[in-house]
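Residues in the sequence shown are numbered from 330 upward in steps of one, following the working numbering. Glycine included, every Cβ here is placed at the ideal spot set by N, Cα and C. All remarks here apply to the structure that follows.
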Amino acid sequence: MNQEKKGPKAPKPFTLSIDIGGTGLKASVLDTKGKMVVDRVRIETPYPCPPKVMVGALVGLVKPLPAFDRVSIGFPGVVREGRIITAPHFGNDVWRNFPLAKTLGRRWGKPVRILNDADMQGTAVVSGKGLELVVTLGTGVGTALFRNGELMQRMELAQHPVWDNKTYNEYIGDKVLKKKGKKKWNKRVKHALELLNTLLNPDKVYIGGGNARQLNFKLDGHTKVVSNDAGILGGITLWRQDIRNL
330 MNQEKKGPKA PKPFTLSIDI GGTGLKASVL DTKGKMVVDR VRIETPYPCP
380 PKVMVGALVG LVKPLPAFDR VSIGFPGVVR EGRIITAPHF GNDVWRNFPL
430 AKTLGRRWGK PVRILNDADM QGTAVVSGKG LELVVTLGTG VGTALFRNGE
480 LMQRMELAQH PVWDNKTYNE YIGDKVLKKK GKKKWNKRVK HALELLNTLL
530 NPDKVYIGGG NARQLNFKLD GHTKVVSNDA GILGGITLWR QDIRNL
């Protein structure tokens, strides 16, 4: 069950928002306006990380946070109706069809909604006008597409071949940055963004994730880097909109 710490003095409900990443697990509590009421907490993502280990890590992660009434989670994979369909960073086989929302809901005694992490980050940054693409650069690569503010059907572009039979994850993921170095990685990211622009012709592109700060080339006028906190701040939207497949 949820810890008995008193929550902030502000109108309820409070939303516990969790951003699950391949490198780190981050969380904070949001007020009704979607603002953090406390500084975010972060721990390293444990490996190996089957569901039992992840659940234990998340329970420990949020212990220092104040009381909350509901939960939003951004997960790096395909999610449908609270169940994990794919978990490329943690092992697809062991995670397939795992009821993460139901499991954590029982542990905390609160309703839980889960969305793909790039989708959740996107809800915090898009303007709501035209076709908008969100790209997250972290352990892997996440993408989300919005049309006039509406989240469109999920496409796992990160798993699609982009160059020499390498997927986006294999081409510009964190392992590539560490192995090839910042200069070559930036060259690859620039190429990947050009391909995505040609494929989708978005009106705006938002780049987030922990490795967005490593970019060193000039972005075009319709592309900008957004705060990595968007992965947490987007959690409020899961309770404001009827987003499909929560």
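Asked, Found
"Anticipated Cβ contact below 8 Å, V505 with L544, distance rounded", "Rounded, the Cβ-Cβ distance is 14 Å, inconsistent with contact."
"D348 (DSSP reduced to helix, strand or coil)", "strand"
"Buried versus exposed, by CB contacts within 10 Å (16 or more), R569", "exposed"
"Check whether R483 and V407 have beta carbons under 8 Å apart", "yes"
"Beta strand (DSSP E) segment containing R399, residue limits", "399-404"
"Contact check, G292 vs D446, beta carbons under 8 Å", "In the structure as shown, the chain starts at 330 and stops at 575, and residue 292 therefore has no counterpart that could be examined."
"Which of helix, strand or coil DSSP assigns to L562", "helix"
"Three-way DSSP call (helix, strand, coil) for L480 in this model", "strand"
"Reference C378, options K362, G353, F419, closest by Cα", "F419"
"Distance between R436 and M330 (C-alpha atoms, nearest Å)", "Because the pLDDT of M330 is 44, which lies under 50, any placement of that residue in the model is unreliable, and the question is left without a value."
"8 Å CB neighbourhood of W424 in its chain, flanking five on each side removed", "P379, P380, G406, I413, T415, A416"
"Bridge-paired residues (DSSP) for V358", "L345"
"Rounded C-alpha distance that separates G350 from V382", "14 Å"
"Run of the alpha helix (DSSP H) containing I501, from where it starts to where it stops", "497-501"
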